[in-house]
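Remarks on the structure that follows.
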Amino acid sequence: MSQSQDYTTQADELLVKSSKKGDMLAFEELISRHRDKIYARAFSMMRNEDEALDLSQEAWVKAWQRLIQFQGDSSFATWMTRITINLCLDQLRKNKRHRAESIEVLDEESGGVERQMPVVTVNPTEGLERTELRKRIDEALGKLSVEHRTVLILHEFEDLEYKEIAKRMACSIGTVMSRLFYARRKMAALLAGFKRDELQ
Amino acid sequence: MNEENKIKLQAYLDGELSGRDEREISELLTTDHQAQLLLAELRMVKSALHGGEPELKLPETREFYWSKIQKEIERAGQGPVSQSNSWWKPVYARFAGGLAAACGVLVISFIAFNNGPTKYAAGEVEGSGDEMGVITFRSDAERMTVVYLFDREADDIVDSSAD
Chain L
61 MSQSQDYTTQ
71 ADELLVKSSK
81 KGDMLAFEEL
91 ISRHRDKIYA
101 RAFSMMRNED
111 EALDLSQEAW
121 VKAWQRLIQF
131 QGDSSFATWM
141 TRITINLCLD
151 QLRKNKRHRA
161 ESIEVLDEES
171 GGVERQMPVV
181 TVNPTEGLER
191 TELRKRIDEA
201 LGKLSVEHRT
211 VLILHEFEDL
221 EYKEIAKRMA
231 CSIGTVMSRL
241 FYARRKMAAL
251 LAGFKRDELQ
Chain P
-6 MNEENKIKLQ
4 AYLDGELSGR
14 DEREISELLT
24 TDHQAQLLLA
34 ELRMVKSALH
44 GGEPELKLPE
54 TREFYWSKIQ
64 KEIERAGQGP
74 VSQSNSWWKP
84 VYARFAGGLA
94 AACGVLVISF
104 IAFNNGPTKY
114 AAGEVEGSGD
124 EMGVITFRSD
134 AERMTVVYLF
144 DREADDIVDS
154 SAD
């Protein structure tokens, strides 16, 4: 049995241990296991395939360089995802410098059109297959602004508390709360809209 | 219901309200039908997102993806082993910021004492760089200048150590 075949049966913890000693084959196995999740997270945030690919690769390189700092208090996948998110946030900040502040962006905290939206009273996701639900959520995420999408991902997918999100997004807790609120309201409307389209 | 209460309603859902606010919102929910509907909507979105995180496949083969990462790792020439074999590197990394700040304070204090008061009574200057940030604060009244140096990538490091 070859050495690389052995890696496939090893737990992440053992692979991390070997990687810390400089074993690149063990690290490659870790990449192979988690690459889809890391790429998916980068894509969810960036909504751009090329950027997501570049950032996910950069995250792996950073992880290799900083592996010695990983103490195993969280899972390796969580640690990797956090590195990826930080890189994405940095990139989004860089991108923001290049885009003009539009009225839409300024409306993120005050609500804009979301203030006027009626409450969605029928659950538009009820009875949907998991694959279909994922597809619709992905489409809806793509229609949100960068700020709304980011706050939703950090809160709902990463399970971060308001305080932690504020730190990562470099804004106040109040801003996080209002962004999250209007992001959810818009998400509800988008999901309900998909349902209405289908019925028509 | 005002906007403030709507946002508190969400914090209630997320378990982020303090005792008094939580009681207020609980009370509101027993009497306000709109609040009940809004809470149901917010809950629906939360639950949909929890079960519906998009799943994607990396659009590259394992070999090709790895070859690019491997190339970059080798180009950077930094790895976990080189760090772990040198006991002084983590110590240096931990205290480098503090040492640099102390040196900065000494140098600026030396210049300030030798050149006398500047035209600025007190001032704050922020410098920027890709990896290292600098903020200086000068107070002539206190005859003091403080220089803060910080790692812009500290978030990653915090994550790594506090995982």
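Sequence lines, in order, name chains L and P. One point on numbering: in my numbering, the residue at position 102 of the first sequence is 162, and numbering is uninterrupted. One point on numbering: in my numbering, the residue at position 103 of the second sequence is 96, and numbering is uninterrupted. Cβ coordinates follow ideal geometry from the N, Cα and C atoms, glycine included.
For methionine 137 of chain P, the secondary structure class from DSSP, reduced to helix, strand or coil, is strand. DSSP places histidine 94 of chain L in the uninterrupted alpha helix (DSSP H) bounded by 84 to 106. Residues are counted here when their Cβ sits less than 9 Å from a Cβ of chain L; for the region 14 to 45 of chain P these are Gln27, Leu30, Leu31, Ala33, Glu34, Leu35, Met37, Val38, Lys39, Ser40, Ala41, Leu42, His43, Gly44 and Gly45, given in chain order. Per the Cβ contact rule, the region 87 to 95 of chain L is in contact with the region 71 to 78 of chain L (3 or more Cβ pairs under 8 Å). Residues are counted here when their Cβ sits less than 8 Å from a Cβ of chain L; for the region 48 to 62 of chain P these are Glu48, Leu49, Lys50, Leu51, Pro52, Glu53, Arg55, Tyr58, Trp59, Lys61 and Ile62, given in chain order. With at least 16 other beta carbons inside 10 angstroms of its own, glutamate 207 of chain L counts as buried.
Taking a C-beta cut-off of 8 Å against chain P, the contacting residues of the region 71 to 95 of chain L are Ser79, Lys80, Lys81, Gly82, Met84, Glu88, Ile91, Ser92 and Arg95, listed in chain order. Counting only residues of its own chain and dropping the five nearest sequence neighbours on each side, leucine 35 of chain P has a CB closer than 6 Å to the CB of Gln3 and Leu6. For a Cβ distance threshold of 9 Å, residue set Ile66, Ala69, Gln71, Gly72, Pro73 and Gln76 of chain P lies close to glutamine 125 of chain L, ordered along the chain. Between the region 240 to 250 of chain L and the region 208 to 225 of chain L, the count of Cβ pairs shorter than 8 Å is three or higher; the stretches touch. Within chain P, not a single residue places a beta-carbon under 7 Å from that of aspartate 110 of chain L; the smallest gap is close to 10 Å. For the pair lysine 80 of chain L and leucine 127 of chain L, the CB atoms are nearer than the 8 Å cut-off. Here the alpha carbons of histidine 215 of chain L and cysteine 148 of chain L stand approximately 15 Å from one another.
Secondary structure of methionine 140 of chain L (DSSP, three-state): helix. Straight-line spacing of the CA atoms in glycine 234 of chain L and leucine 30 of chain P works out to 23 Å.
The three-state secondary structure of aspartate 110 of chain L, taken from DSSP, is helix. Shown here, asparagine -5 of chain P sits in coil according to DSSP, grouped into three states, outside any helix or strand. Excluding its 5 nearest sequence neighbours in each direction, serine 116 of chain L has C-beta neighbours in its own chain below 6 Å: Ile98, Tyr99 and Ala102, listed in chain order. Closest in alpha carbon position to lysine -1 of chain P, among P:Leu51, P:His43 and P:Ala28, is P:Ala28. Look at proline 73 of chain P here: in three-state DSSP terms it is helix.
Just measuring C-alpha positions, the residue of P:Thr23, P:His26 and P:Lys1 sitting nearest glutamate 15 of chain P is P:Lys1. Counting along the chain, lysine 223 of chain L sits inside the alpha helix (DSSP H) bounded by residues 222 to 229.
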